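Residue numbers (my numbering): 695 to 1326.
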Amino acid sequence: MTHQIKNLAEYQEAYRRSIEDPSAFWKEQAETFHWFKPFTKVLHWDFDKPEVRWFEDGQLNISYNCLDRHISSIGDQTAILWEPNDVTKPAKSYSYKHLLAEVCQCANALKSRGIKKGDRVILYMPMVPELAIAVLACARIGAIHSVVFAGFSAQALCDRVDDAQASMIICSDVNHRGNKLIPVKEVVDNAMDLGCNSVDTVLVYQNGDTSVNWSDDVDVWWHELVSIQAKECSPEPMNAEDMLFILYTSGSTGKPKGVVHTCGGYMVYTCYSFKNVFQYQPGDIYWCTADIGWITGHSYIVYGPLLAGATTLMFEGVPTYPDAGRFWDICEKHQVNQFYTAPTAIRALMAKGNEWPAKYDLSSIKVLGSVGEPINEEAWHWYDTHIGKGKAPIVDTWWQTETGGILITPLPGITDTKPTYASYPMPGIEAVLVDSDGNELHDNNVEGLLCIKHPWPSIIRTTYGDHERCRNVYFSAFKGKYFTGDGARRDEDGRIRVIGRVDDVINVSGHRMGTAEVENAINEHPKVIESAVVGYPHDIKGQGIYAYVITAGMNLDDAFRQEILATVVREIGPIAKPDKIQFVEGLPKTRSGKIMRRILRKIAAKDAENLGDISTLLNPEVVQSIKEGALV
Ligand code: WTA
695 MTHQIKNLAE YQEAYRRSIE DPSAFWKEQA ETFHWFKPFT KVLHWDFDKP
745 EVRWFEDGQL NISYNCLDRH ISSIGDQTAI LWEPNDVTKP AKSYSYKHLL
795 AEVCQCANAL KSRGIKKGDR VILYMPMVPE LAIAVLACAR IGAIHSVVFA
845 GFSAQALCDR VDDAQASMII CSDVNHRGNK LIPVKEVVDN AMDLGCNSVD
895 TVLVYQNGDT SVNWSDDVDV WWHELVSIQA KECSPEPMNA EDMLFILYTS
945 GSTGKPKGVV HTCGGYMVYT CYSFKNVFQY QPGDIYWCTA DIGWITGHSY
995 IVYGPLLAGA TTLMFEGVPT YPDAGRFWDI CEKHQVNQFY TAPTAIRALM
1045 AKGNEWPAKY DLSSIKVLGS VGEPINEEAW HWYDTHIGKG KAPIVDTWWQ
1095 TETGGILITP LPGITDTKPT YASYPMPGIE AVLVDSDGNE LHDNNVEGLL
1145 CIKHPWPSII RTTYGDHERC RNVYFSAFKG KYFTGDGARR DEDGRIRVIG
1195 RVDDVINVSG HRMGTAEVEN AINEHPKVIE SAVVGYPHDI KGQGIYAYVI
1245 TAGMNLDDAF RQEILATVVR EIGPIAKPDK IQFVEGLPKT RSGKIMRRIL
1295 RKIAAKDAEN LGDISTLLNP EVVQSIKEGA LV
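Here's what the structure looks like:
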């Protein structure tokens, strides 16, 4: 088992050793896993290319390490505890033994449909145990999984299937979220009509009782195929640098990119960070409320906890169904010890009133976590007072899809906490701030761009099918450094506070979105000539989406706004719907034709008095009319 730090001196010592000799440090952690073939090389790296290889001549299987490795010691302990959306349905639990058998059956089912090592499988599913089972089944046979959040539209799903050239989609018939029934299979059918030519099987998990369209050529029921399979399936030996999964995420330009993580390094880092950041102890019940469609669910619902032999809770529903006490009800019912959620959920529940958490016994909670976006001071204090009762340290964890695991965070009970500060780097993480010329800022009390100087085991390896894009986006801005895209400040004691993105990525309710991606979707409406999208401060969502739209001969009324929203929902999904749409006659542009988003951001943020010099614009006259029509 990877090492668990117990006190401040141990953290300082681990940090010092990890920086002085990263290879020795990570070798020690990696050796605690099961390897079919032990590695002899620890690290090769060159950020210019970029090229990073950890434990490269070793062979392992991550599903073996999540499951088989634990059977003799904790085989009967609960691995996954599942809480359904519907409060009248019973919770389900899967012991490590039971989970292993289910994963093997699913793995055999995939094999029976011709899936083999290296093939890509798209998972488009609700938060049911079968999603975790499918993830681990892919890993067991060396298929590369790519989970697509089930709120994405048919078009967005199809784009991802096509980019990955996936041969299978695993989905459900329907999805239950609060009192909504979402027709998942229908979305998949629509995606298949739009493209997805590489797909020959759609495996459908029955999650409801409604009938769905069926095509015998490709569609197969999970309960018909999986349940007849053998309960043993030998794990495929994988090279440490073989791909484990692709996860699509938004960037500042173009279509979402497929972030690639590999087997060995990802395994070592997610287990190590899980054990340390949450200070998980045997017998604890750990709950992360994220969806497995995002990186947080991959690393800290499935892989990290199972690698560490934890009990991980999975929740199918939403925080406000049947009422705003649901999260706290689940915490009480299952005696949750570590609770990990996003600031947007905290703010939404805070707005419902203190009486909701007050109804429940939350005394089992030892650690609270926050992830996905900066947490504001008010939400931090509410979380601390009303959920943690001042006794559960808050770990404000900063990381990204690309980092695979948590990089900057307090360690609960070990390092101190300060509202809005992600605080200190994990062992192995050499975090630096640089100015826009790339000079490192060594002083405290400074603000700069957040970079990491040395690879850690779960760093992004490539963007699927486009290595050059990976180099350009992360490794070309500052030579020899991984650039995060975030701005940060360091306080007088060296704690880091991540302020937010400095590129054209916005963070809406903890969901990452490229402004260009939303613009492209809006521009699909035939009557839209051009659009510009920016983020603006939003009380609950962190950032809201503000769209400025130029149209051709339309009535600029609410009906047309609805058409634009419908276009965005069709192209991406409801999560990308603009909160505000302002119709404009022109967009402020530089002489080279680039949209000046800085100006648009200020107007959207009600800061229009202070736009700076606009005289160099190609069309300074549009600014006044945009200001006058602003929806603020
Ligand atoms: C932001 C989510 C401040 C940040 C794990 C980052 C945060 C982006 C924090 C990655 C935090 C995440 N404090 N900002 N604790 N955690 N972010 O890829 O801007 O969905 O670059 O990964 O979220 O979002 P992603």
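Cβ coordinates follow ideal geometry from the N, Cα and C atoms, glycine included.
In this text the structure is predicted, and so the values were computed from the model without any measurement.
Are residue i and residue j close, meaning C-beta to C-beta below 8 Å?
i                 : j              : result
proline 999       : tyrosine 758   : no
glutamate 1265    : alanine 1215   : yes
glycine 945       : valine 1199    : yes
isoleucine 1293   : valine 1317    : yes
phenylalanine 733 : alanine 724    : yes
threonine 1095    : valine 953     : yes
leucine 1127      : valine 1192    : no
histidine 870     : proline 931    : no
serine 1152       : glycine 1066   : no
glycine 1204      : proline 1037   : yes
arginine 807      : isoleucine 838 : no
isoleucine 1258   : histidine 1232 : no
asparagine 970    : leucine 1105   : yes
isoleucine 640    : isoleucine 995 : Nothing can be reported for residue 640, as the shown portion of the chain is limited to 695 through 1326.
alanine 860       : alanine 831    : no
Report the option in the options whose CA atom is closest to the CA atom of residue i.
i              : options                            : result
glutamine 1276 : Asp1307, Leu1259, Ala1241, Ile1293 : Ala1241
aspartate 857  : Tyr942, His955, Cys982, Asp1090    : Tyr942
tyrosine 1054  : Val1065, Val1030, Ile1040          : Val1030
alanine 1302   : Val1326, Gln1032, Lys1283, Leu1056 : Val1326
leucine 817    : Ile940, Val736, Glu1124            : Ile940
arginine 1165  : Asp740, Gln706, Trp720             : Asp740
arginine 1255  : Pro1272, Gln1032, Leu1007          : Pro1272
glycine 1063   : Tyr980, Gly1019, Val815            : Tyr980
arginine 834   : Phe1177, Asn1217, Leu875, Ile756   : Ile756
glutamine 1086 : Ile713, His1075, Trp1093           : The displayed chain sequence assigns alanine, not glutamine, to residue 1086. It is His1075 whose Cα lies nearest to the Cα of alanine 1086.
glycine 977    : Leu1007, Phe1021, Asn1249, Thr1261 : Leu1007
Regarding residue i and ligand 1, is the C-beta to nearest heavy atom distance less than 7 Å?
i               : result
glycine 952     : no
serine 1203     : no
serine 967      : no
threonine 943   : yes
alanine 1171    : no
alanine 1116    : yes
glutamate 1067  : yes
arginine 656    : Outside the modelled stretch of the chain, which goes from 695 to 1326, sits residue 656, for which no answer is possible.
tryptophan 915  : no
arginine 1195   : yes
aspartate 1090  : yes
glycine 1098    : no
serine 1064     : yes
glycine 1179    : yes
threonine 1005  : no
glutamine 1094  : yes
valine 842      : no
valine 971      : no
valine 1192     : yes
methionine 1200 : Reading the sequence as shown, one finds isoleucine at residue 1200 and not methionine. No, Cβ of isoleucine 1200 sits at least 7 Å from all heavy atoms of ligand 1.
threonine 1038  : no
isoleucine 989  : yes
According to DSSP, residue i sits in a beta bridge with which residue or residues?
i               : result
glutamate 745   : Asp740
alanine 1226    : Tyr1242
isoleucine 863  : Ile816, Val896
aspartate 913   : Val896
methionine 1008 : Trp776
tryptophan 1092 : Ile1102
Can you tell me whether residue i is helix, strand or coil according to DSSP?
i               : result
alanine 1182    : strand
lysine 1175     : coil
proline 1037    : helix
lysine 1274     : strand
proline 716     : helix
serine 757      : helix
serine 787      : strand
cysteine 982    : strand
cysteine 1145   : strand
glutamate 1279  : coil
glycine 991     : helix
lysine 805      : helix
threonine 956   : strand
isoleucine 1059 : coil
valine 1262     : helix
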